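> Protein sequences, first through last, are from chains G and E.
First residue of the first sequence: 1, per my numbering; consecutive thereafter.
First residue of the second sequence: 162, per my numbering; consecutive thereafter.
No residue lacks a Cβ here, since even glycine has one placed at the ideal position from N, Cα and C.
Note that the structure is a prediction, hence the values are computed from the model and not measured.
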Amino acid sequence: MHFFSQAFNYEHPWSHVTFLDRTVDPKTGVIRTERILGCKQKTPGWILALFGGSEDAFVREISFVDPATQNATITSVNLSLSQFATCFERIQYSPAPGNRTSFTQTAEVQARMQLWRSAADGLERWLVQRFEQNAHLGKLGFTDVLRTLEERLEQRQTTAA
Amino acid sequence: MADSLSPQCTPLKHEYDSCFNVWFEEYLEPALATNATEAQRTAHYQRKAEEFQAKCGKVYAEYQNCIQNAVKQKGIEPLLQQAREEHPLREPLPPAVPSSKDSK
């Protein structure tokens with residue numbers, strides 16, 4: 001497991017946000033919200049060719065807002081490609097002296113090595129199949145382009161003749 | 162406002178968002194009144210939780226219904242299920258221990 005603590009900006013804005021669950025604790029007043037965030041990401045072409053899937057990346061996010069203590073915590077973990085690795089991020093906003101707000105961010109990145117080993121055989125077979133399927137699709141696409149070009153050439157030749 | 166996971170759910174999402182935002186603004190106000198007693202706060206939260214249900218409960222249920230299908234269609238249901246099992250997160254996590262910036 002690896003930890004890091006840093007801030008960065010994603011190149012891509014969240015394109016859609018879906019609420020899954022929102023509850024208000026009548027005793028403490030804490031609001032809990034569970035959401036799915038989705039964004040289009042520029043996945044390298046070879047990843048799509050290997051794993052199939054889509055360019056949509058999904059993240060599950062849980063937030064707690066406590067109006068009494070004015071604390072807010074946000075935790076998030078990736079759903080997409082989580083079979084290979086997870087990134088568990090935690091952000092906390094809390095009141096700080098001098099009428100300011102402190103911001104703390106931590107993240108744990110964990111590769112699922114055990115899953116890899118036990119599933120390696122089946123996964124490899126599956127990946128080879130996926131690759132073959134997608135390679136075939138890619139070839140079809142290119143054949144179409146060639147055919148269109150050929151047809152245009154033929155048309156030009158017939159009109160010229 | 163961001164769109165929903167599924168375009169069909171976007172109008173419901175916007176309706177729900179508007180409802181929540183109005184409620185939430187009022188909700189935070191008394192938190193700033195520091196002289197309120199514990200009993201007053203508890204009564205307030207109880208009342209606001211009920212109010213949330215009364216005002217936004219219906220559109221929330223409709224929206225929920227819509228996105229359940231979207232989650233299934235997008236194939237994220239098993240991933241979501243796994244994430245929920247690993248980290249139920251029903252309660253807020255204890256405050257993070259402040260650490261120096263270079264610590265690993």
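Using a Cβ-Cβ cut-off of less than 8 Å, give me the residues of the segment 58–74 of chain G that come near chain E, in sequence order.
Taking 8 Å as the Cβ-Cβ cut-off against chain E, the residues of the segment 58–74 of chain G that qualify are 58, 60, 62, 64, 66, 67, 68, 70, 71 and 73.
> Starting from the beta carbon of residue 98(G), find every residue of chain E whose beta carbon is closer than 8 Å, and list them in chain order.
The residue labelled residue 98(G) in the question sits at position 98 within the first sequence. Within 8 Å Cβ-Cβ: nothing; residue 98(G) doesn't reach chain E, min ~16 Å.
> Note down the Cα distance separating residue 167(E) from residue 199(E), rounded to an integer number of angstroms.
For the purposes of this step, residue 167(E) is identified with residue 6 of the second sequence, where counting begins at 1. For the purposes of this step, residue 199(E) is identified with residue 38 of the second sequence, where counting begins at 1. Looking at the two C-alpha atoms, the distance is approximately 42 Å.
> With a cut-off of 8 Å on the beta carbons, I'd call residue 249(E) and residue 30(G) a contact; round off their distance for me.
Within the second sequence, the letter at position 88 stands for residue 249(E). Within the first sequence, the letter at position 30 stands for residue 30(G). Actually they do not touch by this definition, with Cβ atoms about 15 Å apart.
> In the segment 179–250 of chain E, which residue ranges form an unbroken beta strand (DSSP E) of at least 3 residues, counting only runs that do not cross its ends?
Correct list: empty.
> Going by other Cβ atoms of all chains shown within 10 Å of its Cβ, with 16 needed for buried, is residue 139(G) buried or exposed?
Stepping through the first sequence from its first residue, residue 139(G) is reached at position 139. Any reading at residue 139(G) is ruled out, since the residue's pLDDT is 47, under 50, leaving its predicted position unreliable.
> Could you compute how far the alpha carbon of residue 60(G) sits from the alpha carbon of residue 205(E)?
What you label residue 60(G) is simply residue 60 of the first sequence in a count that begins at 1. What you label residue 205(E) is simply residue 44 of the second sequence in a count that begins at 1. Answer to the nearest angstrom: the Cα atoms are 30 Å apart.
> What does a CB cutoff of less than 7 Å around residue 181(E) pick up in its chain, not counting 5 residues either side in sequence?
Residue mapping note: residue 181(E) aligns to position 20 of the second sequence, counting from 1. Answer for residue 181(E): 217, listed in chain order.
> Look up residue 176(E) in the DSSP assignment and say whether it is helix, strand or coil.
Position 15 of the second sequence, counted from the start, is the residue given in the question as residue 176(E). If DSSP states are grouped into helix, strand and coil, residue 176(E) belongs with the helices.
> According to DSSP, residue 78(G) sits in a beta bridge with which residue or residues?
The residue you call residue 78(G) lines up with position 78 of the first sequence. Paired residue(s): 59(G).
> If you measure between the beta carbons of residue 79(G) and residue 237(E), is that distance less than 7 Å?
For this step, residue 79(G) is matched to residue 79 along the first sequence. For this step, residue 237(E) is matched to residue 76 along the second sequence. The answer is yes: Cβ separation under 7 Å.
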